[in-house]
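Trainee: Protein chains in written order, with the numbering used here: chain A, 24 to 437; chain B, 48 to 470; chain C, 390 to 742; chain D, 166 to 665. For every residue, glycine included, the Cβ atom is placed at its ideal position computed from N, Cα and C.
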Amino acid sequence: MTTVAQFWNRNRIAGAVYVLLGLLAVLYFGVSNPAKNDVTLRLTADTSLTFGARPVIIVLGLVTVAVGVALLAVLTARSHFAWTAGVALGALVLAFLFWGTSLAKTLHTIPVEALLYGTLIAATPLIFGALAGVLCERSGVVNINIEGQLLVGAFAGALVGTMTKSVWAGLIAAGVCGALMAALLAVFAIKYLVDQVVLGVVLNVLAFGITGVIYERLMQPNAAEYNNAGQFKPWEVPGLSDIPLLGPVLFRHNLFVYLALALVAAITFALFYTRWGLRTRAVGEHPTAADTLGIKVRLVRYRNTIMGGFVAGLGGAMLTIGAGVTFNKEMTAGKGFIALAALIFGRWSPVGAMLAALLFGFADAMQQFLSSVISPVPSQFLQMAPYLATLFAVAGLVGKVRAPAADGKPYVKG
Amino acid sequence: MTDEAKPPAAEPERTVPPEKDVAPRPNRPFRIFIEELTTASTFMVTVLAVVLALLVGSILVIISNDSAREAWGYFFAAPLDAFEMSWYAVRDAYVALFQGAIYDPAKPSAWGSISETLTYAAPLTFTGLSVALAFRAGLFNIGAQGQAVFGAIFGVLAGFLLHLPPVLHMLVALVCALIGGALWGFIPGILKAKTGAHEVITTIMLNNIAGIFLIWLVVQKGFQNPERTDAISKSAEENARLPRLLGFLEGDLRVNLAIVLAVLAAAGVSWLLNRSTFGFELRAVGGNPDAAKTAGMNVAMTYALVMAVAGGLAGLGGASMSLGLLPFALTPGVIANIGFDGITVALLGRAKPWGVLAGALLMGGLQAGAVKMNAVGGVPTDMVYVLQALIVIFIAAPALIKTVFRLRDGKASRSTATLAKGW
Amino acid sequence: MRIVAVLAIGGLALSAAACGDKPSSNNGSSGNGKKYKACMVTDVGGIDDKSFNTSAWQGLQDAKAANGNIEIKYSASKAETDYQPNLNALVTEKCDLILAVGGLMTDATKAAAAANPAQKFAIIDSNIPAANVYSMQFNTAQAGFLAGYLAAGSSKSGKVATWGGLKIPPVTIFMDGFAEGVAHYNKVKSKTVAVLGWDNKSQEGLFAGSFTDQNKGKQLAEQLVAQGADVIMPVAGGAGLGTASAAQASGGKTSVIWVDADGCKSAAQYCDVFMTTVVKNIAGAVKDAVVAGADGKALTGAFTGVLGNNGVSLAPYNKFDSKVPAELKTEIDALKKDIVDGKIKIESPAQPK
Amino acid sequence: MKLELRGITKRFGDLVANDHIDLVVEPGEIHALLGENGAGKSTLMNVLYGLLRPDEGEILVNDVPQTFRSPGDAISAGIGMVHQHFMLVPVFTVAENIMLGAEDTKLGVLDKKKASAHITEVSQTYGLPVDPEAVVETLPVGVQQRVEIVKALTREVDLLILDEPTAVLTPQETDELLEVLRGLKAAGKSIVLITHKLREVKAIADKITVIRRGKVVGTADPGESEDELAAMMVGRHVQLVVDKSAAEPGAPVLTVKDLSVVDDRGHRAVTDIDLEVRAGEVLGVAGVQGNGQTELIEAIMGLRPAVSGSVLLGGAELRGRTTRQVLDAGVGYVPEDRSTDGLVKEFTVAENLVLDLYKSEPFGSKLVYRPEAVARNAKDRIEEFDVRTQSADAPVGSLSGGNQQKVIVAREMSRPLKLLIASQPARGVDVGSIEFIHKRIIRERDQGGAVLLVSTELDEILALADRIAVMYRGEIIATLPAAGATSEKLGLLMAGVTGD
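Structure representation (structure tokens):
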């Protein structure tokens with residue numbers, strides 16, 4: 024569907040939407056149901072900024088309108104779409120946050136530090152999941168199984184961590200179990216050519232079932248012996264953790280957050296600057312071409328899929344031994360699917376996926392904050408926020424994205 | 048993309064498709080029977096997939112059985128114990144499974160188990176048809192769960208907000224459920240058509256949203272049952288409920304009109320797929336959207352419509368729960384897991400309407416049996432998940448079944464057709 | 390390759406099981422003599438919901454411990470549609486008493502009781518007026534009220550918090566009581582202790598959307614602490630453990646009020662952060678009922694747990710015994726008396742009717 | 166390098182694609198492998214290149230038997246291959262594509278500098294200029310082919326296989342390529358050239374091996390006449406020219422005015438085109454692939470929105486109409502890529518025969534579809550168009566390319582047409598089917614229909630068209646009567662050279 028040369032191209036449509044949403048924000052949040060109380064932004068323990076919420080909201084709404092107008096009038100090039108979306112929607116979200124806080128029943132203070140910390144914590148398992156997706160899908164294997172891989176990771180982390188009394192052993196076991204799950208995916212996808220989307224969903228069911236049965240009969244009745252792993256203790260990065268605002272947000276975590284960020288950097292580097300990365304991308308884009316150059320397509324896919332499973336397994340472990348809580352049935356609660364959406368929203372790039380994961384993490388943290396101070400929006404509707412954000416992101420902002428060309432297509436050698 | 052690596056399909060002399068040259072069929076009935084048993088036919092692959100799944104599942108049965116696990120703990124001291132206890136555990140579990148699904152001498156009515164199987168199978172048929180129909184159009188409808196939620200909601204709302212005479216009230220409630228599900232299915236359809244957003248992601252998100260909406264709705268004033276303090280809505284009126292079929296027999300048999308409607312739905316979908324222009328369009332779009340577009344079909348509209356129809360079917364599935372079973376009201380878990388189970392059912396039935404019905408009966412039997420298995424042997428009901436997943440995987444990989452059981456090459460042993468498109 | 394791969398995970402689990410060689414001995418099933426068979430059907434939360442299913446099962450286990458002639462078993466429901474078949478399966482299993490756990494089982498139990506008039510049933514969190522059903526309900530708002538007062542009285546920051554699993558009445562009843570207790574404290578002491586996470590007037594608040602997601606429970610606690618809350622009451626079954634975990638990590642700055650069963654027993658690893666527990670004494674009520682039934686006493690009518698009959702209560706302060714001021718303890722005891730006497734009325738819309 | 170194939174046999178099921186093929190390529194020789202579509206040439210070369218394993222036979226390199234398990238083995242034995250469908254990753258740069266599989270790294274990091282230097286060196290040595298930094302998908306096909314050759318050369322091959330290398334080139338580009346091949350030969354490389362184009366074979370080959378139905382039917386010298394070679398290739402005497410009478414053009418049927426269209430990436434693909442097709446004539450649109458023909462046709466068919474201009478069919482505006490409406494207005498359409506756009510592979514032959522007619526009587530109404538009528542129709546069409554299929558219920562994917570194409574032609578010609586648009590009707594089709602399809606097109610013209618024929622094959626255009634329009638970079642740069650047009654003249658036009 025080519026619309027570029029027509030008047031209503033993607034930028035203009037978005038522009039019109041922004042103008043409409045901006046005006047609505049100004050009218051509703053600023054006029055008809057206006058913010059009343061001042062809102063305090065608490066940046067650190069002793070630094071706070073207090074605003075009159077109403078003028079801020081009106082300004083933010085007008086920013087959205089302005090971006091919309093600019094898109095309609097001048098910024099018609101494709102390259103302007105992404106950043107304008109960021110600005111316009113960011114302003115809208117902030118306006119909403121200010122409005123909700125201002126009209127909250129209890130407090131009118133936004134704890135910025137906690138909000139950002141919460142964002143990162145919520146985003147980390149998603150980052151692991153999305154990176155698993157990057158590894159698999161860049162080589163051409165669709166991974167709908169992220170959910171299951173996270174789950175077995177969480178499961179094995181708790182089980183082995185308890186049995187060996189070592190969180191490190193738990194971590195390794197989590198990775199290995201994630202990799203085993205992925206190996207199943209790989210065998211059936213690559214060798215038996217089973218439809219990969221279907222396969223991923225079915226393997227998720229298998230993961231639910233196996234972990235559920237063992238949990239119910241083994242881990243739950245004998246929790247002390249099988250489901251009582253320790254926790255990775257937080258490690259404050261010396262020096263960096265004392266930076267105001269950034270320090271507490273970024274540098275006072277345990278292994279998992281650092282590991283996730285390091286993996287984003289490592290996989291980005293490996294994918295675009297190493298032999299492995301070049302071959303991976305070639306296999307994901309044009310396996311036949313890779314084959315004609317002597318690259319073993321199936322081997323690359325097996326290897327990458329299993330590596331992806333390992334990464335997802337590690338991410339799963341964050342949910343148990345990373346957080347210091349016990350394993351529970353279906354405890355991943357759909358995180359694997361959000362990770363999948365982050366992968367797509369981030370256009371199969373590690374950094375993009377991370378940013379998308381952070382976006383969902385923020386939606387989650389903001390929802391929790393607004394519910395806790397009793398904002399005027401019913402809590403259930405706030406709970407929908409991350410899902411609506413995903414829906415909107417995938418449908419409105421991404422649309423038809425360009426996946427690796429051979430993603431999901433089994434390679435059948437003639 | 049990679050024509051070159053494939054065998055040259057475009058050989059001028061080849062007019063005979065390769066399917067033909069499977070061993071010639073003998074003509075004596077017994078030989079045919081043996082032939083059928085040793086060839087990887089669709090039927091055999093399905094049967095063997097179930098057998099293999101039960102075998103693999105027995106490992107979990109053993110793990111989850113205390114005595115068996117204990118015996119394995121001292122395996123080297125008394126190895127026979129371990130095998131004996133394991134055998135008992137597996138035997139007891141699968142006997143219970145059979146009793147719960149087919150016939151249980153302990154039940155007051157001989158029809159008791161069958162009634163349960165049919166009760167579980169009815170909603171699964173609807174959601175299975177929903178997923179299957181979408182598969183045929185090349186779409187993967189993971190959203191049957193959310194669509195069923197909306198079907199259940201609309202059905203019950205019509206059930207207690209309206210006051211109509213018998214039969215009519217039920218029909219109106221069912222139509223409302225159909226509309227509710229269709230609306231919720233239309234959203235991912237139109238998003239796919241207009242923006243290209245992949246239905247796998249959008250339907251999963253819509254499932255979550257539907258679930259949260261349901262929890263919100265049931266405790267709202269005017270909807271919540273005023274006599275109750277828990278999360279339950281008012282009940283649908285008597286007239287709107289699906290009548291029980293075996294009420295005249297002894298015992299409390301739950302099977303209701305839903306299973307009849309499910310059979311009709313399978314027939315309807317079968318007609319739609321094979322005898323309607325819409326069915327032709329949806330199959331063409333599923334087979335090759337580009338060719339369908341070139342042939343003048345409106346692919347985008349087909350996607351939206353297919354998802355709406357699929358949603359409507361799932362909506363009926365939801366209503367068969369909320370209007371067919373106690374408490375005839377909305378609760379947060381009113382539709383159980385029928386949407387997700389529908390995926391399995393559709394795959395079991397190979398996305399064919401009558402196959403879906405058969406798959407739903409199998410799955411319904413498993414679920415009914417799992418209740419008994421749990422009540423008798425304490426085998427967790429999650430066991431059903433494991434069996435479901437294994438059966439589907441084995442069916443989808445006939446080559447595996449063929450190798451394990453050393454079957455001869457047959458129609459079903461070739462790799463399965465792609466059901467859903469990648470990204 | 391093929392089968393090996395398929396069995397890999399199963400095998401791993403099996404080897405895990407082989408390591409666990411400690412024989413569990415809670416399954417004595419010698420079939421001599423006629424035993425009293427008490428069976429229960431869990432609701433969809435499952436036996437380990439750290440809430441009413443767990444408590445009810447505890448009650449059965451206590452009953453068995455008290456009377457060796459009692460045999461117990463449970464049947465788990467995976468979905469609400471399983472309630473009826475589960476109840477029927479247990480009828481077939483010839484249980485003497487079938488316990489249905491959870492208000493959502495009301496209709497199924499009613500139907501099963503009507504179909505099997507000779508069979509004894511019991512139900513928790515519901516009231517079924519049938520001769521063969523024994524109903525148990527609990528007005529936890531009363532104990533929640535005391536907890537709210539206690540929290541307000543011990544908060545140093547002037548902010549206390551609560552959050553729930555799902556916004557459904559069996560959960561919000563705790564939160565209502567809690568918020569009213571805080572309001573009462575503010576009224577009596579002319580203070581302005583704020584409640585985060587629940588507003589009983591608009592019936593709006595903070596929910597995890599899950600009874601099992603401990604990570605969510607942890608994140609919510611971190612959010613609430615960041616906003617200044619120092620006493621938190623999670624009403625979310627197992628998900629609440631996440632809050633306990635976060636409180637433990639805070640090193641004593643944050644304390645938790647647990648719900649359902651005394652936290653120092655049901656989640657002993659977190660005992661040092663549990664200020665007290667809003668006890669919904671399902672275990673006690675179930676134990677009493679089963680023991681009575683085994684003794685051949687008629688089980689009928691309804692039981693409503695209130696502060697007066699110890700059906701609901703505030704658990705001992707355990708490790709906080711020394712930290713809670715004696716004065717506050719006295720006030721709470723007085724409050725309890727006032728509630729029992731009807732001098733203080735609690736207005737939760739979720740109270741048993 | 167000396168290469169010898171002995172008794173190579175490759176089967177797919179019961180189909181023997183290569184039947185005991187023997188072939189010897191001497192060092193420094195250009196050896197042409199001649200055969201029509203589907204004769205088994207590509208299969209043979211895929212065996213040689215390690216992509217397929219032979220069922221029987223052996224490969225000898227410099228008289229030493231070799232087993233090629235993968236292309237990697239073939240490459241290390243000094244064999245390179247330029248595939249008909251280029252084996253280039255579209256989103257990679259030239260350098261990335263060329264280094265793939267033989268990457269140089271420095272401390273684990275890809276050494277792109279070294280790769281670029283190597284590419285530049287090879288380019289200069291053999292006169293094949295390429296820009297290492299360019300992204301492949303942005304390059305014209307001719308350049309992509311150059312990249313493929315450079316890719317092989319950087320791997321220091323001694324034997325280069327080229328599979329239908331000229332299919333996408335203009336005559337001038339073809340000449341350039343042949344020049345490059347001569348240069349390679351001079352440098353001592355052996356070359357195997359797979360083609361079905363006799364002209365090129367005669368121009369360059371040292372030796373010719375002809376394959377038919379998977380068997381070697383003979384060898385020939387380049388001195389052999391074209392007719393002889395064609396007869397060997399097809400197995401009978403071929404009519405290279407279609408018999409047709411002079412056209413009797415009537416009123417204009419299709420009038421395209423100032424039409425502009427953009428491609429998928431938003432770039433202008435067709436600019437202000439004017440075009441007229443009259444009743445009773447064939448207008449041939451010639452041009453190298455990718456010069457806007459595809460977009461032009463799609464815009465006429467309503468498959469792609471036009472930016473401006475108008476499309477009139479007998480005076481009625483088609484622009485803005487849906488494809489359905491365009492088809493219903495009396496336009497028949499044979500799409501350029503039959504497997505992507507023309508057929509649903511899983512559908513039966515019968516169903517494909519009504520793919521765009523299923524809603525019209527007698528096959529169906531608005532709601533109901535009638536399989537019985539469809540089956541009856543299939544029986545007639547299969548007979549009329551000589552479609553070789555096991556049954557009408559066989560999936561169309563099981564048919565040969567030529568028969569698949571006949572299914573499309575049968576479908577489109579089985580209703581009264583005002584205009585037939587045929588895009589690449591002979592692509593990938595065996596000679597017999599080509600003859601048949603060409604005859605049907607002429608018959609359509611003779612019955613008073615207007616035909617718009619788009620083809621990149623000059624021979625086809627020259628054989629069928631009454632008038633020829635040449636497209637170059639989205640514009641029609643010349644329209645000329647077929648009489649008097651020569652392939653040299655058209656070739657220059659296709660390359661954009663208009664000045665006389």
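Would you be able to state if there are at least three C-beta pairs under 8 Å between the stretch 329-342 of chain A and the stretch 147-161 of chain A?
Mentor: Yes: at least three Cβ pairs fall under 8 Å.
Trainee: For D:V189 versus B:A338, is the C-beta spacing smaller than 8 Å?
Mentor: Not closer than 8 Å, so no.
Trainee: Can you give me the Cβ contacts of C:C428 inside the same chain, cut-off strictly under 6 Å, excluding the 5 residues immediately before and after it?
Mentor: Contacts found: K462, L479, C484, I487.
Trainee: Under 8 Å between the Cβ atoms of C:A468 and C:V433?
Mentor: Their beta carbons are under 8 Å apart, which means C:A468 touches C:V433 by this criterion.
Trainee: Does any residue of chain C have a CB that is nearer than 8 Å to the CB of A:E259?
Mentor: Cβ-Cβ to chain C under 8 Å: no for A:E259.
Trainee: Write down the C-beta distance between B:V137 and B:I109 rounded to the nearest angstrom, noting that I regard them as a contact closer than 8 Å.
Mentor: Indeed they touch by this definition, with Cβ atoms about 7 Å apart.
Trainee: In angstroms with no decimal places, state the Cα-to-Cα distance between D:P590 and D:E169.
Mentor: For D:P590 and D:E169, the distance between alpha carbons rounds to 37 Å.
Trainee: Is it right to say B:R78 is buried, meaning 16 or more other beta carbons lie within 10 angstroms of its own, or is it exposed?
Mentor: Exposed.
Trainee: From D:H283 to B:F452, what distance separates their C-alpha atoms?
Mentor: In a straight line, the C-alpha of D:H283 is about 54 Å away from that of B:F452.
Trainee: Let me check understanding here. Comparing Cα to Cα, which of A:G171, A:L222, A:Q219, A:G223 lies closest to A:G198?
Mentor: The shortest C-alpha separation from A:G198 is found at A:G171.
Trainee: Could you tell me whether any Cβ in chain D is nearer than 8 Å to the Cβ of B:G175?
Mentor: Output row for B:G175: interface = no.
Trainee: Note down, in chain order, all residues in the stretch 400-416 of chain A with a beta-carbon under 8 Å from any beta-carbon belonging to chain B.
Mentor: Residues passing the 8 Å Cβ filter: P401, Q403, F404, Q406, M407, Y410, L411, T413, L414.
Trainee: Mapping the DSSP letters down to three states, classify D:D545 as helix, strand or coil.
Mentor: Helix.
Trainee: Between the Cα of C:P623 and the Cα atoms of C:Q603, C:T689, C:S639, C:A615, which residue gives the shortest distance?
Mentor: Answer by Cα proximity: C:Q603.
Trainee: How would you list, in chain order, the residues of chain B whose beta-carbon sits under 9 Å from the beta-carbon of D:L492?
Mentor: Neighbours of D:L492 on chain B, chain order: A342, G343.
Trainee: Mind checking whether A:A505 and A:I290 have CB atoms under 8 Å apart?
Mentor: The displayed coordinates of chain A run from 24 to 437. Any statement about residue 505 of chain A would go beyond what the structure contains.
Trainee: For the beta strand (DSSP E) containing C:M429, list its first residue and its last residue.
Mentor: From DSSP, the beta strand (DSSP E) with C:M429 extends over 425-430.
Trainee: In three-state DSSP terms, what is D:D439?
Mentor: DSSP places D:D439 in strand when its eight states are reduced to three.
Trainee: Mind checking whether C:T665 and C:L555 have CB atoms under 8 Å apart?
Mentor: In this structure, C:L555 does not lie closer than 8 Å to C:T665 by Cβ.
Trainee: Sort D:Q454, D:D493, D:D437 by Cα distance to D:S475 and report the nearest one.
Mentor: With distances taken between Cα atoms, D:S475 lies closest to D:D437.
Trainee: Would you mind telling me which residues of chain D sit closer than 9 Å to B:T450, beta carbon to beta carbon, in chain order?
Mentor: The contacting residues do not exist; B:T450 stays about 20 Å from chain D at best.
Trainee: State buried or exposed for A:H131, treating a residue as buried only when at least 16 other CB atoms are found within 10 Å of its CB.
Mentor: Classification for A:H131: buried.
Trainee: With 9 Å as the limit, tell me which residues of the stretch 237-262 of chain D have their beta carbon closer than that to any beta carbon of chain A; keep them in chain order.
Mentor: Answer in chain order: G237, D238, A239, I240, S241, M246, H248, H250, F251, M252, L253, V254, P255, V256, F257, E261, N262.
Trainee: From the DSSP output, in three-state form, read off C:M622 for me.
Mentor: C:M622: strand per DSSP, three-state reduction.
Trainee: Does DSSP put D:E653 in a helix, a strand or coil?
Mentor: If DSSP states are grouped into helix, strand and coil, D:E653 belongs with the helices.
Trainee: Where do the N-terminal and C-terminal ends of the beta strand (DSSP E) with C:F510 fall, by residue?
Mentor: Here the beta strand (DSSP E) through C:F510 covers 509-513.
Trainee: List the residues of chain A whose Cβ lies closer than 8 Å to the Cβ of D:S235, in chain order.
Mentor: Neighbours of D:S235 on chain A, chain order: D314, G317, K319.
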